[in-house]
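Be aware that the sequence shown starts at 5, since it is given in the working numbering, and climbs by one per residue. Report on the structure given below.
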Amino acid sequence: MSGLSVLDPATEEVIAELPSAGVEELDAAVARARARFPAWSQVAPSDRARLLRAIGTAIEIGAEELAQSECRNAGKPIRDARDEVALVAELFHYYAGAVDKVGGRTIPVDGGVAMTFPEPLGVVGLITPWNFPLAIASWKLAPALACGNTVVLKPAELTPLTALMLERLALEAGLPEGVLNVVVGPGRVVGQRLAEHPDVARIGFTGSTVVGRGVMAAAAGTIKRVTLELGGKSANVVFADADLEQAAAQAPGAIFGNAGQDCCARSRILVERPAFERFLELFVAATEAYVVGDPCDEGTQMGPLISAGQRERVASYVPEQVTYAKPLPDRPGFWFPPTILTPASATDRVVRDEIFGPVAAVLPFDDEEGAVRLANDTPYGLSGSVWTKDGARALRMARALECGALSINSNTSLRVSTPFGGFKQSGFGRELGLAAMKENTELKTVFYSTTP
Ligand code: NDP
5 MSGLSVLDPA TEEVIAELPS AGVEELDAAV ARARARFPAW SQVAPSDRAR
55 LLRAIGTAIE IGAEELAQSE CRNAGKPIRD ARDEVALVAE LFHYYAGAVD
105 KVGGRTIPVD GGVAMTFPEP LGVVGLITPW NFPLAIASWK LAPALACGNT
155 VVLKPAELTP LTALMLERLA LEAGLPEGVL NVVVGPGRVV GQRLAEHPDV
205 ARIGFTGSTV VGRGVMAAAA GTIKRVTLEL GGKSANVVFA DADLEQAAAQ
255 APGAIFGNAG QDCCARSRIL VERPAFERFL ELFVAATEAY VVGDPCDEGT
305 QMGPLISAGQ RERVASYVPE QVTYAKPLPD RPGFWFPPTI LTPASATDRV
355 VRDEIFGPVA AVLPFDDEEG AVRLANDTPY GLSGSVWTKD GARALRMARA
405 LECGALSINS NTSLRVSTPF GGFKQSGFGR ELGLAAMKEN TELKTVFYST
455 TP
């Protein structure tokens, strides 16, 4: 195994040195997971639920340690890190409750009874990104375990620490060894092998659309089930009749939250022309007040980007002339200012591409039809928001927008109990809620003849 230095992006200091796995270690992890299946799926549902609940409780007990680690390794404001850890605990409790609530059907047929059984798949491979390291790993892991699958989890090399902590907490909570196997190593080596591996039944992937495409191709060799949660270029549509103060006050959090490194980031803000100037004024004022700084400080709302490479990538998109860029303190770390652009054209690359940084493009539209056209003019379709006081229009927009998770008069896309996933090139399959149980099972039909 080679070595891996893990950095704190707010200081550029090394905070951990870890071994980095290769194909051999990945194969060994898959073999351990394979050896635990089907035994794990045969654990009584009530015991499986009890174990998931115990993991949820262990996360609650270890919450501050997990949050501090996520804060340092991902450069995430500590308040956000705490919220994410709370969500992770809730996830395990939710899926503990789901274990005995998802079943099959009996179907009336001639000559007997037909029944369906949602069967576990076997070994599930999870490949997760660096932007919400623990949360995304957990919302893939908890339903996979609840359905009786065993798991190999490959976190992003930039942020592997909380996945390793979760593995330890799960073992301490009583999860049998080999049911969860965390493998830290480079995506192009161990991620690729996991996607190709003949003993892996399904891949759950979150990351870039480019890598997702490769994962899908690698999985095709063995006809693996694949769930892909990929990029986004979500629209935040503000009508002139909306509560502009609210819409503008919440807009910075929706694009600068997690330093814009959020697949649901509302990076295109579309404003009805009569309200454009007023909204922009309010949005700039709210951005001026948005607190950028040390992620460990309680008041911080935005920390650094994840890496020097990500900063370079984001900077390559930003023109010299910007509408507003918040001044930053001069200190080490991969900082980038919250930046507001008002591009002249919807074909500008800052409007088309997922920048994955704190860069908002604000554009005007003239009417409802124009808003729909502009919002849907993207290869992506993950999330979005509509701000209006007109209920009928809100529902028309909700039906017309091509995205998997839409918020009306809010920017929240994600809840433990509701399905989450993309339209178009934002991926396919649904995570979270009971929809995730479907992704982690295969339906078997059994016919029982009652012919005497
Ligand atoms: P990637 O898609 O490269 O990384 C996501 C995960 O995939 C990581 O665990 C990575 O491992 C792994 N991976 C990388 N290459 C392969 C491969 N060939 N086969 C299997 N797994 C692989 O995202 P980046 O980190 O490079 O970020 C680049 C861009 O992707 C961002 O700027 C953003 O636009 C987008 N992105 C979107 C995310 C989302 O939530 N939708 C999340 C992250 C990124 P490792 O990093 O260890 O090599």
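The beta-carbon is built from N, C-alpha and C at its ideal position, and this holds for glycine as well. Bear in mind that the values here come from a model prediction, so they are computed numbers and not experimental data.
Legend entry - Element boundaries [beta strand (DSSP E), containing LEU274]: 272-276
Inset, instruction - Could you have a look at TYR99 and say whether DSSP puts it in helix, strand or coil? - result: helix
Inset, instruction - Select from GLY107, PRO133, THR163, THR132 the residue whose C-alpha is nearest the C-alpha of PHE121. - result: GLY107
Legend entry - Meets three-Cβ-pair contact criterion under 8 angstroms: the segment 45-63 and the segment 163-181: yes
Legend entry - Cβ shell of VAL326 (< 8 angstroms), same chain only, five flanking positions each side left out: THR343, ILE344, LEU345
Inset, instruction - Whole angstroms is fine: what's the gap from PRO331's alpha carbon to ASN262's? - result: 18 angstroms
Legend entry - GLU161 CB to nearest heavy atom of the ligand NDP below 8 angstroms: yes
Inset, instruction - Tell me whether ARG317 counts as near the ligand NDP, meaning its Cβ is closer than 8 angstroms to at least one heavy atom of that ligand. - result: yes
Inset, instruction - Compare the C-alpha of ALA195 against each of ALA35, GLY216, LEU179, VAL183 and name the closest. - result: Sequence inspection shows Gly at residue 195; the Ala mentioned does not correspond to that position. Checked all of ALA35, GLY216, LEU179, VAL183; the closest Cα to GLY195 is GLY216.
Inset, instruction - Report whether the distance from the Cβ of PRO23 to the nearest heavy atom of the ligand NDP is below 8 angstroms. - result: no
Inset, instruction - Compare the Cα-Cα distances from ASP247 to each of PHE136, GLY116, ILE412, ARG52 and report the closest residue. - result: ILE412
Inset, instruction - Starting from the N-terminal side, write out each stretch of the beta strand (DSSP E) that is 3 residues or longer and does not extend beyond the segment 177-253. - result: 184-186, 206-210, 229-233, 239-242
Legend entry - Distance cut-off 8 angstroms: CYS267 Cβ against heavy atoms of the ligand NDP: yes
Legend entry - Residue interval of the alpha helix (DSSP H) (run including TRP143): 137-150
Legend entry - Residue environment, ALA102, which counts as buried when at least 16 other CB atoms sit within 10 Å: buried
Inset, instruction - Report yes or no: do the segment 185-194 and the segment 418-431 share at least 3 C-beta pairs separated by less than 8 angstroms? - result: no
Legend entry - MET306, buried or exposed, once every other Cβ within 10 Å from all chains shown has been counted against 16: buried
Inset, instruction - Label LYS237 either buried or exposed according to how many other C-beta atoms from any shown protein chain fall within 10 Å of its C-beta, with 16 as the threshold for buried. - result: buried
Legend entry - Exposure label - GLN314; buried when at least 16 CB within 10 Å: buried
Legend entry - C-beta contact flag for ASP285 and THR166 at 9 angstroms: In the sequence as presented, Asp is not what sits at residue 285; that position holds Glu. No, the Cβ-Cβ distance between GLU285 and THR166 is not below 9 angstroms.
Legend entry - LYS393, enclosing beta strand (DSSP E) - first and last residue: Unbroken run through LYS393: none, as it is neither H nor E.
Legend entry - Check: GLY211 C-beta below 8 angstroms from any heavy atom of the ligand NDP: yes
Inset, instruction - Could you pull out every residue in the same chain whose Cβ sits closer than 6 angstroms to the Cβ of ARG52, ignoring the five residues on either side in sequence? - result: VAL103
Inset, instruction - May I ask whether a heavy atom of the ligand NDP can be found less than 8 angstroms away from the beta carbon of THR454? - result: no
Legend entry - From VAL34, ARG76, ILE19, residue whose alpha carbon lies closest to that of CYS300: ARG76
Legend entry - Local conformation of MET5 per DSSP, three classes: coil
Inset, instruction - Compute the minimum distance between the beta carbon of PHE424 and the heavy atoms of the ligand NDP, and state whether it is under 8 angstroms. - result: no
Inset, instruction - With distances taken Cα to Cα, identify the nearest neighbour of PRO341 among VAL155, PHE260, GLU16. - result: PHE260
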